[in-house]
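Engineer:
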Amino acid sequence: MNIILLGAPGSGKGTQAEKLAKYFDIPHISTGDILRNSTDPRIQNILSEGKFVSDDEMIELVKKRLAKEKNGFILDGFPRTIAQADAIKSYPSKVLYFKIDDELVKNRLSLRRTCNSCKAIYHLENKPPLHESKCDLCGGILTQRQDDKDVVIAERLRIYHEKTAPLIAYYAKEGSLVEIPSDGTPEETFKKILARFGL
Ligand SMILES: [Zn+2]
Numbered sequence: 330m331n332i333i334l335l336g337a338p339g340s341g342k343g344t345q346a347e348k349l350a351k352y353f354d355i356p357h358i359s360t361g362d363i364l365r366n367s368t369d370p371r372i373q374n375i376l377s378e379g380k381f382v383s384d385d386e387m388i389e390l391v392k393k394r395l396a397k398e399k400n401g402f403i404l405d406g407f408p409r410t411i412a413q414a415d416a417i418k419s420y421p422s423k424v425l426y427f428k429i430d431d432e433l434v435k436n437r438l439s440l441r442r443t444c445n446s447c448k449a450i451y452h453l454e455n456k457p458p459l460h461e462s463k464c465d466l467c468g469g470i471l472t473q474r475q476d477d478k479d480v481v482i483a484e485r486l487r488i489y490h491e492k493t494a495p496l497i498a499y500y501a502k503e504g505s506l507v508e509i510p511s512d513g514t515p516e517e518t519f520k521k522i523l524a525r526f527g528l
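Just so you know, we're using the working numbering here: the sequence shown kicks off at 330 and counts up by one.
Structure, rendered in structure tokens:
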């Protein structure tokens, strides 16, 4: 079972990736992990200088990693371009596209608060802390991450749509796109995925 995940920031993609990895007992592979775990000194150099790895290099790294997985994988954060999608065409995959309204993403992310000490995540509506702006677990101070501020979210969504639209069209044409409405709870979304797999 090969699964590719597409979804906006705040779509719950990461949570579903973890659930799927457990359910199917296959690894959740993110490009961030591949880069961090690379032993290639050249790649480590690029990262330590805060630069980006080129499209071609990323493709090589991902292909090398996928070749090791005999029972399947869940790929997260790749492909981001049509060239990357072409490069892994030899792995027949289901492409889960987590569909969610931008307004809901903004609501989810802008009400999110993170503990400064233990990094626990709260949501002012869905998972409020017992005491305002204080972490239930460690008493740390809860703040809004820079990433979760409204203007930043709007820009992240704009870039996401611009980059992902061609991939959605690509996989829809190929017939491997599976649209998952992602506006419910994580449990509801997971049930929808399993249903689409006939489970
Ligand atoms: Zn805490």
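C-beta: ideal position from N, C-alpha, C; glycine also.
It should be emphasised that the depicted structure is a prediction, and the values quoted were computed from it without experimental measurement.
(1) Work out the CA separation of Leu453 and Lys321 for me, nearest whole Å.
(2) Please state if the CB of Leu404 and the CB of Ile333 are separated by a distance shorter than 8 Å.
(3) Can you tell me whether Cys464 is buried or exposed? The criterion is at least 16 other CB atoms within 10 Å of its CB, across all chains shown.
(4) Given this structure, state the Cα-to-Cα distance separating Leu471 from Cys444, to the nearest angstrom.
(5) Alpha carbon to alpha carbon, how far is His490 from Ala498? Give it in angstroms, no decimals.
(6) Does Ser511 pass the burial test, meaning 16 or more other C-beta atoms within 10 Å, or should it be called exposed?
(7) Scan the region 430–465 and note each continuous alpha helix (DSSP H) run of 4 residues or more that stays entirely inside, going in chain order.
(8) Any residues whose CB sits closer than 5 Å to a heavy atom of ligand 1? List them in chain order?
(9) Spatial neighbours of Tyr420 within its chain, please: CB distance less than 7 Å, with the 5 preceding and 5 following residues excluded, ordered by chain position.
(10) Write down the C-beta distance between Val434 and Ile482 rounded to the nearest angstrom, noting that I regard them as a contact closer than 8 Å.
(11) Starting from Ile333 and walking both ways along the beta strand (DSSP E), at which residues does that stretch end?
(12) For Tyr500, which of Gly361, Glu516, Arg409 has the nearest alpha-carbon?
Structural biologist: Let me lay it out:
(1) Because residue 321 is not part of the residues shown, which for the chain are 330 to 528, the question remains open.
(2) The sequence position of residue 333 within the sequence shown is 4, counting from 1. The sequence position of residue 404 within the sequence shown is 75, counting from 1. Yes.
(3) One-based indexing of the sequence shown puts residue 464 at position 135. Cys464 should be labelled buried.
(4) Walking along the sequence shown from the start, residue 471 turns up at place 142. Walking along the sequence shown from the start, residue 444 turns up at place 115. Answer to the nearest angstrom: the Cα atoms are 4 Å apart.
(5) One-based indexing of the sequence shown puts residue 498 at position 169. One-based indexing of the sequence shown puts residue 490 at position 161. Roughly 12 Å separates the two Cα atoms.
(6) As a working note, residue 511 is residue 182 in the sequence shown. By the 10 Å Cβ count, Ser511 comes out buried.
(7) The region 430–465 contains these whole alpha helix (DSSP H) runs: 431–439.
(8) For ligand 1, residues qualifying as neighbours are Cys444, Ser446, Cys447, Ala449, Cys464, Leu466, Cys467, Gly469, where qualification means a beta carbon closer than 5 Å to at least one of its heavy atoms (chain order).
(9) For this step, residue 420 is matched to residue 91 along the sequence shown. Within the same chain, Tyr420 has close Cβ partners Asn331, Leu395.
(10) Sequence index remark: in the sequence shown, residue 434 carries index 105 (1-based). Sequence index remark: in the sequence shown, residue 482 carries index 153 (1-based). At roughly 7 Å, the Cβ-Cβ gap stays under 8 Å, so Val434 and Ile482 are in contact.
(11) Reading the sequence shown from its first residue, position 4 is the one you call residue 333. Taken as a continuous stretch (DSSP letters only), the beta strand (DSSP E) holding Ile333 covers 331–336.
(12) Here residue 500 refers to the residue found at position 171 when the sequence shown is read from its first residue. Answer by Cα proximity: Arg409.
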